[in-house]
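Asks: The sequence shown begins at 1 in the UniProt record's numbering and counts up one residue at a time.
This is the structure, below, for whatever I ask next.
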Amino acid sequence: MSTTEAQAPAQAQARTETSFHMVEYQSDDGRVGDVEVLGDGVDMSTFSQILEMDDSEDDREFSQSIVSGFFEQAEETFESMDAALKDEDLEKLSQLGHFLKGSSATLGLVKVRDSCEKIQRYGKKEDEEGNPVDDEALCLKKTGEILKALRIEYDEVEAELKKFFGI
1 MSTTEAQAPA QAQARTETSF HMVEYQSDDG RVGDVEVLGD GVDMSTFSQI LEMDDSEDDR
61 EFSQSIVSGF FEQAEETFES MDAALKDEDL EKLSQLGHFL KGSSATLGLV KVRDSCEKIQ
121 RYGKKEDEEG NPVDDEALCL KKTGEILKAL RIEYDEVEAE LKKFFGI
C-alpha cells in the first residue's frame, strides 16, 4: 500500500472534522502546490483549475475576482428566482436554474450545481430524473423547497470561499 493510499482514510476523517485542509496538486504546466480542500460542496479538481490561472499562490486576485463575481451573480439570480416563484413562472425558473447551474459548475460548486439542475428540471415540468410531471403546482412546491435548500448550500460554500480568500 502506498503512502497516499494509507493517508486516504485519515484525509477523509480530517474532512469530516474540519471544513478544509491542505492537499497537494500538480498543475498542467508541472507546478506543484498546496491548496485547501473546501468542504464537500466544492469539487477541488475543478476549483484548482481556477486557482491555476492566478499569477501566484500568494496573489489570488484573478480567482478571487471570479468568485466575487459569482457571489454577485448568484444573489441577483436568487432574487429573480424568488420573483419567478411568486409569479409561478416555471419556464423562468428553469432558465434561471440552468444559468446558475453553469456558473456554479465552472467553479466546482457541486451542491449548488445539483440543486440548480433540480430547479431547472422542475421548471421544465420534469422530476429530478427527467420524467414528465403534469402537476404544475407540485413542480412549484418542489422548486420552492429546493430553492430553500439551495440558499443554505450557497451560504455554506460562500462562507468557505470567503474564508479561503480572506474576504
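No residue lacks a Cβ here, since even glycine has one placed at the ideal position from N, Cα and C.
1) Mark residue 115 as exposed unless 16 or more other C-beta atoms lie within 10 angstroms of its C-beta, in which case mark it buried.
2) Within this structure, are the beta carbons of residue 72 and residue 140 separated by less than 8 Å?
3) Kindly identify the DSSP beta-bridge partner or partners of residue 126.
4) With a CB to CB cut of under 8 Å and the five nearest residues on each side skipped, what residues in its chain are close to residue 85?
5) Does residue 155 come out as helix, strand or coil in the three-state DSSP assignment?
6) What are the boundary residues of the alpha helix (DSSP H) that includes residue 66?
7) When you compare only the Cα positions, how much space is there between residue 136 and residue 58?
8) Bridge partners for residue 56 per DSSP, in chain order?
9) Within the continuous alpha helix (DSSP H) that includes residue 93, where are the two ends?
10) Is it true that the CB of residue 96 sits closer than 8 Å to the CB of residue 67?
11) Can you name the start and end residues of the alpha helix (DSSP H) that residue 50 belongs to?
12) Check the C-beta distance from residue 112 over to residue 150 and give it rounded, since I have them as a contact under 8 Å.
13) Roughly how many angstroms lie between the CA atoms of residue 130 and residue 163, to the nearest whole one?
14) Since residue 109 and residue 157 should fall inside the 8 Å C-beta cutoff, what is the C-beta to C-beta distance between them, to a whole number of angstroms?
15) Using DSSP with H/G/I as helix, E/B as strand and the rest coil, what is residue 37?
16) With DSSP run on the structure shown, which of helix, strand or coil describes residue 25?
17) Kindly indicate which three-state DSSP category residue 30 falls into: helix, strand or coil?
Replies: Reading off the structure:
1) buried
2) no
3) 132
4) 93, 140, 143, 144 and 147
5) helix
6) 61–86
7) 50 Å
8) 59
9) 90–107
10) no
11) 44–51
12) 7 Å
13) 36 Å
14) 5 Å
15) coil
16) Bear in mind that the predicted position of residue 25 carries a pLDDT of just 43, short of 50, making it too unreliable to give a figure here.
17) Below a pLDDT of 50, predicted positions are generally treated as unreliable, and residue 30, at 42, falls in that range; the measurement from the model is reported next regardless. Three-state DSSP puts residue 30 in coil, outside helix and strand.
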